[in-house]
Amino acid sequence: MAVWSVLALLRENPEELKRHVARRLMDPSIVDLAYSLDVEWRRLQTEINELRHKHNLITRSVAKASSGEERRLLLEEAKSLLKVIEEREARLAEVEAKRAEVLNSLPNLVDDDVPVGDESASVPIEFWGIPKVWVGYLEQFRDQVERYGFNVKYELIDWKPRGHADMLEEVLRLGDTVKAGEVAGSRFYYIFDDLVWLDFALLLYAIDKLTSKGYTLVLPPYMLRYRVMSGVVDLGAFKDAIYKVEGEDLYLIATSEHSLAALYYGEEIYDDELPIKLAGISPCFRKEAGAGSRDLKGIFRVHQFHKVEQFVFSKPEESRRIHEEIISNAKEMFQELGLPYRIVNIASGDLGAPAAKKYDLEVWMPAQGKYREMVSASNCTDWQSYRLGIRMIRRKGMTREYVHTLNSTAIASTRTITAILENYQEPDGTVVIPKILRKYLEPFEKAPKEYIKPRTPTRNMNKRE
RNA sequence: GCCGGGGUGGCCGAGCGGCCUAAGGCGACGGGCUUGAGACCCGUUGCCCCAUUAGGGGCGCGCGGGUUCGAAUCCCGCCCCCGGCGCCA
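The first sequence begins at 15 in our numbering and counts up by one.
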């Protein structure tokens, strides 16, 4: 009754499924393999069912056997039948394992709205705000806007803003990635005082926003078992993103999305309980193994950060609407934070296996002269729920199908801080604190309120007063 | 971590090698009765395979193995819950 949409298409129209896979720039021959394994799996299952049926009939008659001789013959027959069943079952187990592996490597279907191609095919569909554009970046700014047929108002500035990494270590002197590198490795960081306050203020702001919209606040497990983790991420993520705890069947979450998706692991949800909207808060741990030397400086791309995440379980027919809703929530927050952004409809080749459609929210970074990803909002349809065994029961008719899951960043702390350091920077290096955050800093005596001021160099980085 | 008790269908709860084809109850869903609801009566109520009109079959008692012709029932490993001890923020 409940059939995973990808499996349904595999059986009904494998050629169409191939086109979906091809749109992701993956090898569609995996579909042929999945198809033949599925057919073979079903054939074997039918065969074994028939053999078992025979065996069951014999077994039931043993107890009623009228004579010792009849009983002996029945036992003999049952035993020989068992041998055949055993052999077939071994074969089934083999095929079944292979089939599961191949099915699990199938990506989600691609939504019709998704532009087809590699990452260069991703299209900005909306711009907001008035970016500060340094004269030296004017040309490349225009290219990032006009190429897509947009006309965006900007504020031209004649001084070049310092990059967030320089702000951190040289201007504000509130971060130390050198020492962190020495004691933990590259992509780790220490941040201090005002930036820590800012980190928490951002999280509080996101929590405040989402809970006021009816999202349930969740502090989830930071580690999950393999079988759960493999339901929420694709195989590539294990290699490039996920840390494992040595000697335990536990993996550190790369986002609270993983734990939130797992909240209904193996459960059924009645349709009248949906949608279930969650706001998760957690640290996120990422290996960033596939990142090479990209964004090595500063705290844009790091092994650990805090994030408030939106996660929704929805009825299938509502997931597209909710996808728009969660990206809108993110837009609202970045508008209130006063960070100029664009929304990008991510191309099929860059989606990631779980997502049928994905929007990124990218903030203009004045010191880099580029829009950079701050938020990623995905509609995973039934890809995760199939793997996690999370189904929906429709009251009307009591029919079962897989729920849809959606996720979106609300605020990722360190990354948003980098955007603030560049966008709220003044020529003398002062950073203005976005007004919306001030009420979250107000209760704390030592928290900054309006500005973060540059600090004069001291001989010893460890003495920060 | 150690000792003891326990995990049965959506929920409660019987069963402790073969009439378990998992009793009984509650709930839910469908139908009957009713102007409507309730009460009442009947049916359905997990997963998979084949056939899809009716149906046929297999599997399923925390998870995974094992013993047996036959396992919810016996054995082993793991997970989780409750109580006690220990340890700890």
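A virtual CB, placed ideally from N, CA and C, is assigned to each residue, including glycine.
Extent of the continuous alpha helix (DSSP H) to which residue i belongs
i    : result
K431 : This sequence places Ile at residue 431; Lys is not what is there. Start and end: S427 to N437.
T191 : T191 to V197
E29  : P28 to R37
T60  : S43 to V76
K253 : L249 to D254
L209 : D207 to S226
F202 : Where F202 is concerned, there is no enclosing alpha helix (DSSP H), given that its DSSP letter is neither H nor E.
A344 : S333 to E350
Helix, strand or coil at residue i according to DSSP, with G and I counted as helix
i    : result
A424 : strand
Y168 : coil
N359 : strand
L266 : strand
Y1   : No answer is possible for residue 1: the residues shown for the chain start at 15 and end at 479.
S399 : helix
A391 : strand
L375 : strand
E459 : coil
P138 : strand
V149 : helix
R405 : strand
L123 : coil
M237 : strand
L186 : coil
V259 : strand
R176 : coil
R308 : coil
K410 : coil
Y465 : strand
R113 : helix
R386 : strand
Residue span of the beta strand (DSSP E) that contains residue i, given as start and end
i    : result
G294 : I290 to F299
K321 : Q318 to S328
I447 : First-last for I447: undefined, no H or E at that position.
Y416 : T413 to Y416
V232 : T230 to V232
Classification of residue i by the beta-carbon crowding that lies within 10 angstroms, buried from 16 upward
i    : result
P240 : Just to set this straight, residue 240 is Tyr in the shown sequence, not Pro. By the 10 Å Cβ count, Y240 comes out exposed.
F458 : exposed
H418 : buried
W378 : buried
P468 : buried
R56  : exposed
R429 : buried
T191 : buried
V316 : buried
P441 : exposed
T60  : exposed
N393 : buried
S94  : exposed
S427 : buried
A369 : buried
K223 : buried
G306 : exposed
A22  : exposed
Nonlocal neighbours in the same chain, by C-beta distance under 6 Å from residue i, ignoring five residues either side
i    : result
A251 : none
V326 : P289, K291, I336 and L420
Y438 : V445 and V446
G245 : R401 and L402
G177 : A381
A391 : I340, I341, Y373 and S422
P28  : V45 and Y49
R8   : This structure does not reach residue 8, given that the chain is present from 15 up to 479, and the question cannot be answered.
L353 : V377, A433 and N437
S273 : P234, P235 and I267
P330 : H418
Cβ neighbours of residue i in the same chain (closer than 7 Å, five flanking residues each side left out)
i    : result
V389 : A344, D374, L375, S422 and T423
L188 : L182, I205, F206, D207, D208 and L209
L39  : D132 and G363
E479 : Because E479 sits at a pLDDT of 43, beneath the cut-off of 50, its placement in the model cannot be relied upon, and the point is left open.
Y162 : V137 and P138
8 Å Cβ shell around residue i - same chain, five flanking residues per side excluded
i    : result
G150 : K174 and G383
V98  : L65
Is the stretch 125-138 close to the stretch 99-117, with three or more CB pairs under 8 Å?
no
Using 8 Å as the Cβ pair cut-off and three pairs as the minimum, do the stretch 156-166 and the stretch 251-270 touch?
In short, these stretches do not touch, since the Cβ pair count stays below three.
The stretch 248-262 / the stretch 449-465 touching (three or more Cβ pairs under 8 Å):
no
When you compare the stretch 58-73 with the stretch 102-110, are there three or more beta-carbon pairs, one atom per stretch, that lie closer than 8 Å?
yes
Closer than 8 Å is the cut-off here; do at least three beta carbon pairs connect the stretch 403-411 with the stretch 459-466?
no
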